[in-house]
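Please read the structure below before turning to the comments.
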Amino acid sequence: NAGVTQTPKFQVLKTGQSMTLQCAQDMNHNSMYWYRQDPGMGLRLIYYSASEGTTDKGEVPNGYNVSRLNKREFSLRLESAAPSQTSVYFCASSELGGMSTGELFFGEGSRLTVL
Amino acid sequence: KQEVTQIPAALSVPEGENLVLNCSFTDSAIYNLQWFRQDPGKGLTSLLLIQSSQREQTSGRLNASLDKSSGRSTLYIAASQPGDSATYLCAVKGGSEKLVFGKGTKLTVNP
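Note that the protein sequences, when read in sequence, are chains A and B.
Each residue of the first sequence is one higher than the one before, starting from 1125 at the first, in the numbering used here.
Each residue of the second sequence is one higher than the one before, starting from 2 at the first, in the numbering used here.
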């Protein structure tokens, strides 16, 4: 019963490097999300995808790009990493509509440090 | 713009005590409200979800209530245990896809 799986769990980058965080869910959810969590700032939405083929900006999208590869997978890319992007990144998924409750399920997080 | 506030930011109680965590929100037009638990270095685990049409939800020693008119939700933990020590977050979903989180209450239950 995997739920939401994120890789990698830990990553250290140098300023200017690029990387992609991967997320996959096995609950057949339509909606997927990327959040970042910083001390004193709480959880902030970076991007979300309401369905396969669609993506929308959240509260803090600058410096990030996303791809909804298929219904299961939603990736987050940092094209040119900056120290301000040092954070813990969480992927989440949910299902809305019909009999679904809209409950949000989270992955374990990806801890990124940019030097 | 929806804002979610959780007070206090930290709470320390002795084992066995019943306690209440508070969550307030500014826009009462919500779809649902969800309570999460987060252990250090871990992801968020869903505890309870209350739909906008519901007043409360219960799971074991946990009871969450919702009062949309006053913009408040409470999470009641009965007979607290050291294993309940964690950060508790509430999150509100409005009409859009976006979920707005509070900053959490860090709970410490002392043996």
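All residues carry an ideal CB built from backbone N, CA and C; glycine is no exception.
In this text the structure is predicted, and so the values were computed from the model without any measurement.
At 8 Å on the CB atoms, spell out the chain B contacts of residue i, in chain order.
i: residue 1169 of chain A; result: 99, 100
Who are the neighbours of residue i on chain B, taking C-beta pairs under 7 Å?
i: residue 1179 of chain A; result: Those do not exist, as residue 1179 of chain A stays about 11 Å from chain B at its closest Cβ, beyond 7 Å.
i: residue 1182 of chain A; result: 99
Consult DSSP for residue i and reduce its assignment to one of helix, strand or coil.
i: residue 40 of chain B; result: coil
i: residue 1209 of chain A; result: helix
i: residue 83 of chain B; result: helix
i: residue 15 of chain B; result: strand
i: residue 68 of chain B; result: strand
i: residue 77 of chain B; result: strand
Alpha carbon to alpha carbon, how far is residue j from residue i? Give it in angstroms, no decimals.
i: residue 1133 of chain A; j: residue 1235 of chain A; result: 6 Å
i: residue 53 of chain B; j: residue 96 of chain B; result: 11 Å
i: residue 1128 of chain A; j: residue 1147 of chain A; result: 7 Å
i: residue 87 of chain B; j: residue 112 of chain B; result: 14 Å
Regarding residue i and the ligand ZN, is the C-beta to nearest heavy atom distance less than 8 Å?
i: residue 1195 of chain A; result: Of ligands this structure carries none, so the ligand ZN is not represented either.
Problem set entry | Entirely enclosed alpha helix (DSSP H) segments - the segment 1158 to 1185 of chain A, minimum 4 residues | With a minimum length of 4 residues, no continuous alpha helix (DSSP H) run stays inside the segment 1158 to 1185 of chain A.
For this session: Using a Cβ-Cβ cut-off of less than 7 Å, list which residues of the segment 21 to 46 of chain B approach chain A; keep chain order.
Result: So the close ones are 32, 33, 35, 43, 44, 45.
For this session: Return the residues of the segment 48 to 74 of chain B that lie within a Cβ-Cβ distance of less than 7 Å from chain A, sorted by chain order.
Result: Flagged, chain order: 50, 52.
Exercise. Using a beta-carbon distance cut-off of less than 7 Å, what residues from the segment 1210 to 1238 of chain A approach chain B?
Worked result: Answer in chain order: 1214, 1225, 1226, 1227, 1228, 1229, 1230, 1231, 1232, 1233.
Exercise. Of all the residues that make up the segment 81 to 110 of chain B, which are near chain A by a beta-carbon distance shorter than 8 Å?
Worked result: If the cut-off is 8 Å between Cβ atoms, the segment 81 to 110 of chain B has 90, 92, 94, 98, 99, 100, 102, 103, 104, 105 near chain A.
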